[in-house]
Amino acid sequence: MYLGKNHQSKDISSYAAPARTTNYQNLPPTYTFVGDIEPFYDETRIYIKNLQKAGVKASMDVYPGCFHGFDQLIHTKVAQEANVNYIAQFIFASRYYFAPQR
(Lines of atoms letter the chains of each structure in order from A and count residues from 1; the text may use other names and numbers.)
(Lines give C-alpha, C1' and ligand atoms only; values in the text may rest on other atoms or scores of the structure.)
Protein backbone atom coordinates (compact mmCIF):
# COMPACT_ATOMS: atom_id res chain seq x y z
CA MET A 1 0.00 0.00 0.00
CA TYR A 2 1.17 3.51 -0.68
CA LEU A 3 0.92 4.40 3.02
CA GLY A 4 3.51 1.78 3.91
CA LYS A 5 3.53 0.20 7.35
CA ASN A 6 1.08 2.84 8.62
CA HIS A 7 -1.74 1.90 6.24
CA GLN A 8 -3.94 0.61 9.08
CA SER A 9 -3.09 3.37 11.54
CA LYS A 10 -5.80 5.67 12.87
CA ASP A 11 -3.36 8.59 12.55
CA ILE A 12 -3.26 8.76 8.76
CA SER A 13 -3.47 12.31 7.45
CA SER A 14 -6.72 13.29 5.78
CA TYR A 15 -4.55 14.41 2.86
CA ALA A 16 -3.75 10.73 2.29
CA ALA A 17 -7.25 9.45 3.09
CA PRO A 18 -9.76 12.31 2.65
CA ALA A 19 -12.72 10.28 3.93
CA ARG A 20 -11.07 10.21 7.36
CA THR A 21 -11.42 13.94 7.88
CA THR A 22 -13.82 15.17 10.52
CA ASN A 23 -14.30 18.74 9.31
CA TYR A 24 -15.70 18.97 5.80
CA GLN A 25 -16.36 22.72 5.84
CA ASN A 26 -14.36 25.02 3.59
CA LEU A 27 -13.24 22.20 1.32
CA PRO A 28 -13.33 22.87 -2.42
CA PRO A 29 -16.09 21.69 -4.75
CA THR A 30 -15.57 18.02 -5.47
CA TYR A 31 -16.35 15.58 -8.25
CA THR A 32 -15.46 11.92 -8.32
CA PHE A 33 -16.57 8.69 -9.89
CA VAL A 34 -16.54 5.14 -8.64
CA GLY A 35 -17.51 1.66 -9.72
CA ASP A 36 -20.03 -0.10 -7.53
CA ILE A 37 -17.76 -3.13 -7.04
CA GLU A 38 -14.74 -0.97 -6.20
CA PRO A 39 -13.18 -1.49 -2.73
CA PHE A 40 -13.61 2.23 -1.97
CA TYR A 41 -17.25 2.44 -3.09
CA ASP A 42 -18.79 2.87 0.38
CA GLU A 43 -16.01 5.19 1.55
CA THR A 44 -16.44 7.36 -1.54
CA ARG A 45 -20.22 7.60 -1.12
CA ILE A 46 -19.86 8.56 2.54
CA TYR A 47 -17.23 11.17 1.70
CA ILE A 48 -19.43 12.85 -0.91
CA LYS A 49 -22.44 12.71 1.43
CA ASN A 50 -20.42 14.35 4.23
CA LEU A 51 -19.19 17.08 1.91
CA GLN A 52 -22.76 17.80 0.83
CA LYS A 53 -23.96 17.90 4.46
CA ALA A 54 -21.27 20.52 5.14
CA GLY A 55 -22.54 22.65 2.27
CA VAL A 56 -19.77 21.76 -0.16
CA LYS A 57 -20.79 21.35 -3.79
CA ALA A 58 -19.99 17.68 -4.37
CA SER A 59 -21.13 15.11 -6.89
CA MET A 60 -20.31 11.56 -7.84
CA ASP A 61 -21.02 9.28 -10.77
CA VAL A 62 -21.44 5.57 -10.05
CA TYR A 63 -20.64 3.02 -12.74
CA PRO A 64 -22.44 -0.31 -12.17
CA GLY A 65 -20.31 -3.43 -12.44
CA CYS A 66 -17.05 -1.48 -12.48
CA PHE A 67 -13.98 -2.13 -10.33
CA HIS A 68 -11.09 0.04 -9.12
CA GLY A 69 -9.17 1.44 -12.07
CA PHE A 70 -11.80 0.56 -14.69
CA ASP A 71 -11.30 3.97 -16.30
CA GLN A 72 -7.82 2.87 -17.40
CA LEU A 73 -9.33 0.32 -19.80
CA ILE A 74 -9.77 3.02 -22.42
CA HIS A 75 -11.00 0.67 -25.13
CA THR A 76 -14.23 0.06 -23.18
CA LYS A 77 -17.32 2.20 -23.61
CA VAL A 78 -17.80 2.68 -19.86
CA ALA A 79 -14.21 3.89 -19.39
CA GLN A 80 -14.61 6.31 -22.27
CA GLU A 81 -17.82 7.64 -20.70
CA ALA A 82 -16.15 8.03 -17.30
CA ASN A 83 -13.19 9.84 -18.82
CA VAL A 84 -15.37 12.20 -20.88
CA ASN A 85 -17.38 13.05 -17.75
CA TYR A 86 -14.21 13.57 -15.71
CA ILE A 87 -12.70 15.88 -18.34
CA ALA A 88 -15.96 17.85 -18.54
CA GLN A 89 -15.93 18.31 -14.76
CA PHE A 90 -12.29 19.42 -14.88
CA ILE A 91 -13.02 21.98 -17.61
CA PHE A 92 -15.96 23.31 -15.60
CA ALA A 93 -13.83 23.55 -12.45
CA SER A 94 -11.00 25.28 -14.28
CA ARG A 95 -13.42 27.92 -15.58
CA TYR A 96 -15.39 28.56 -12.41
CA TYR A 97 -13.41 27.45 -9.37
CA PHE A 98 -9.70 27.96 -9.96
CA ALA A 99 -8.17 31.24 -8.82
CA PRO A 100 -6.24 33.22 -11.42
CA GLN A 101 -2.50 32.68 -11.11
CA ARG A 102 -0.45 35.86 -10.95
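UniProt numbering numbers the first residue of the sequence shown as 1 and each following residue consecutively.
By construction, the Cβ of each residue, glycine as well, lies at the ideal position given by its N, Cα and C atoms.
Can you tell me where the alpha helix (DSSP H) with residue i in it begins and where it stops?
i: residue 42; result: 41-53
i: residue 59; result: First-last for residue 59: 58-63, but that is the beta strand (DSSP E), not the alpha helix (DSSP H).
With a threshold of 8 Å on Cβ separation, who are the neighbours of residue i within its own chain once the five nearest residues in sequence on each side are excluded?
i: residue 83; result: 71, 74
i: residue 79; result: 70, 71, 72, 73
i: residue 46; result: 19
i: residue 37; result: 65, 66, 67
Can you give me the Cβ contacts of residue i inside the same chain, cut-off strictly under 6 Å, excluding the 5 residues immediately before and after it?
i: residue 22; result: none
Does the separation of the CB atoms of residue i and residue j fall below 8 Å?
i: residue 51; j: residue 24; result: yes
Leaving aside the five residues before and after residue i along the sequence, list all residues of the same chain whose C-beta is less than 7 Å from its C-beta, in chain order.
i: residue 16; result: 3
Open item on the list: If contact is defined by three or more beta carbon pairs under 8 Å, each pair taking one atom from either stretch, is the region 16-31 in contact with the region 50-57?
Closed with: yes
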